Amino acid sequence: EPEVTQTPSHQVTQMGQEVILRCVPISNHLYFYWYRQILGQKVEFLVSFYNNEISEKSEIFDDQFSVERPDGSNFTLKIRSTKLEDSAMYFCASSEGRPWGTDTQYFGPGTRLTVL
Amino acid sequence: DAKTTQPPSMDCAEGRAANLPCNHSTISGNEYVYWYRQIHSQGPQYIIHGLKNNETNEMASLIITEDRKSSTLILPHATLRDTAVYYCIVRPLNLIYNQGGKLIFGQGTELSVKP
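First to last, the sequence lines map onto chains A and B.
Residues in the first sequence are numbered from 624 upward in steps of one, following the numbering used here.
Residues in the second sequence are numbered from 3 upward in steps of one, following the numbering used here.
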């Protein structure tokens with residue numbers, strides 16, 4: 624069964640450093656998403672991406688964040704200058720692009736980002 | 003965005019049916035109800051979704067009331083591996099793209115399946 628994969632599984636970085644989190648969505652999917660979950664808190668939506676542009680983003684997704692689909696398979700989340708509060712699990716998800724509310728999102732296993 | 007209300011925790015005996023309720027009284031006519039679960043800190047796992055009819059798949063059944071203001075997820079024979087946090091989500095539409103939009107997770111119900 625096709626799966627969303629994410630690398631690395633755990634990333635440790637120093638405050639102020641740039642990090643890139645990588646995701647390989649399911650191959651025939653057209654919509655891509657990033658969510659995050661701070662330890663002990665809810666899963667929060669960050670951004671959705673379709674047709675090489677952001678289709679929706681949350682207030683969390685400020686200028687420090689960017690997303691890119693650099694080739695036909697990868698989808699990346701970049702944090703330009705990490706802060707302590709960016710420490711969280713980051714989940715990538717993808718969906719086929721079915722119409723209306725029938726489009727199911729499938730999640731990857733996550734990348735744990737620790738900012739020191 | 004329609005809000006959902008779920009009990010914070012529930013217990014279920016192994017082998018018995020687990021019935022997880024969800025209230026979504028402000029749901030709009032074109033919004034789907036989705037259920038996901040999260041085991042430890044793993045990625046959320048899709049379970050089932052529905053609009054107004056009851057739905058069943060290999061994992062679970064979804065019962066939606068006629069007025070669509072509440073629903074129940076049923077795991078027919080719970081096992082220890084079903085211990086997880088279960089999220090009921092009313093999914094808003096992204097009207098620009100005519101497509102299901104973001105998922106808004108609440109706190110969910112922590113289901114403990116006990117031997």
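Each residue gets a CB set at the ideal place from its N, CA and C atoms; glycine is no exception.
Please read these numbers as outputs of a predicted model, since none were measured by experiment.
At a cut-off of 8 Å between beta carbons, glycine 103 of chain B contacts chain A. A distance below 7 Å between beta-carbons, with the five flanking residues on each side excluded, links valine 635 of chain A to the following residues of its chain, in chain order: Thr737, Leu739.
Annotation note: the stretch 34-70 of chain B contains the following uninterrupted beta strand (DSSP E) runs of length 3 or greater, listed N- to C-terminal: 34-40, 47-52, 63-66. Within chain A, the residues Lys665 have their CB atoms less than 7 Å from the CB of glutamine 109 of chain B, given in chain order. Proline 625 of chain A is outside the set of residues whose beta carbon lies under 8 Å from a beta carbon in chain B.
Excluding five sequence positions before and after tyrosine 88 of chain B, the CB atoms of its chain that fall closer than 7 Å to its own CB belong to Leu22, Trp37, Arg39, Leu75, Gly110, Thr111, Leu113, given in chain order. Between leucine 669 of chain A and phenylalanine 684 of chain A, the C-beta spacing is below 8 Å. Nothing from the stretch 624-651 of chain A brings a Cβ to less than 7 Å from some Cβ of chain B. By the criterion of a C-beta distance shorter than 6 Å, glutamate 68 of chain B is surrounded by no residue of its chain, once the five residues flanking it on both sides are discounted. The alpha carbon of threonine 727 of chain A has as its nearest neighbour, out of A:Ile649, A:Leu707, A:Val666, A:Glu708, the alpha carbon of A:Ile649.
The shortest CA-to-CA distance from threonine 699 of chain A to any of A:Trp657, A:Phe730, A:Tyr673, A:Arg735 is the one to A:Trp657. Apart from the 5 residues on each side of it in sequence, glycine 720 of chain A sits with its Cβ closer than 8 Å to the Cβ of His652, Leu653, Tyr654, Tyr673, Asp726 in its chain, given in chain order. In this structure, isoleucine 65 of chain B and asparagine 56 of chain B form a Cβ contact; the two beta carbons are roughly 5 Å apart against a cut-off of 8 Å. Within the DSSP secondary-structure output, leucine 736 of chain A pairs in a beta bridge with A:Gln634, A:Ala711.
Under a criterion of Cβ atoms nearer than 8 Å, the residues of chain A adjacent to leucine 53 of chain B are, in order, Gly724. Only Met712, Phe714, Gly720 from the stretch 705-720 of chain A bring a Cβ to less than 7 Å from some Cβ of chain B.
Secondary structure note for phenylalanine 688 of chain A: its beta strand (DSSP E) is the uninterrupted segment 688-691.
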